[in-house]
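Residues in the sequence shown are numbered from 2 upward in steps of one, following this note's numbering. Ideal Cβ placement from N, Cα and C applies to all residues, glycine included. Computed from a predicted model, the values in this text were never measured in an experiment.
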Amino acid sequence: MNVISLVLLVLLIVLVIAFIFYAQNIKKNKQDAESLFMQAESKANEITATAQRDAALVRKEAEILRDEAEAFKKEARFNLREEEQKQRREIEDEFKQERKELRETEQRLKQREEVLDRKDDKLTNKERSLDSKEEALSKKTDTL
C-alpha cells in the first residue's frame, strides 16, 4: 500500500468517525429536546386538569394556558427542526471542507509524484549517458 493510499485511508477513517460522533450528538440532542418537550406537555396537562375543576373564570384561564402550551409545542417543534437543519448544514459544510482538503492533499501528492518521476527519468538518462561514455572510454582504452 503506497503512502498516498494510506493517507487517504486514514483521512477517510477520520471522516467516518467524525460523522459517527456528529450523528450520535444529533440523536442525543433530539432525545433531550423530546424529553423536555414531553415534560412541558405533561406540565401543561396538569395545569389544564386543575383549571377544569375551578369555576368559569378559572376555565377561561385554562383556555389561555392551553393556547400558550400549544404555542410552546409549536415553537419547540419549530426550534427542534431548525436546530436539526442547522446541525445538518454544519456537518455537510464540514464534510465538504474535509473533501476539499482531501482533494488538495491528493493533488499535492500527485504533483510530488510527478516531480519525483521526472527526477528519476533524468537520473536514468544520466546513468545511461554515463554508461555509454564509460563504454566508449573502455573501448578507447582497449584500443590504446
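Query	Result
Pairwise C-alpha distance: Leu124 and Asp118	10 Å
Touching by the beta-carbon criterion (3+ pairs, under 8 Å), the region 41 to 48 and the region 69 to 78	yes
Beta strand (DSSP E) segments (min. 3 residues) lying fully within the region 17 to 60	none
Nearest candidate by alpha-carbon position, reference Asp94, set Phe20, Lys29, Lys127, Val8	Phe20
Contacts around Ala77, its chain only, beta-carbon distance under 8 Å, and the 5 residues preceding and following it disregarded	Ala34, Leu37, Phe38, Ala41
Among Lys29, Phe79, Lys111, the one whose alpha carbon lies nearest that of Leu9	Lys111
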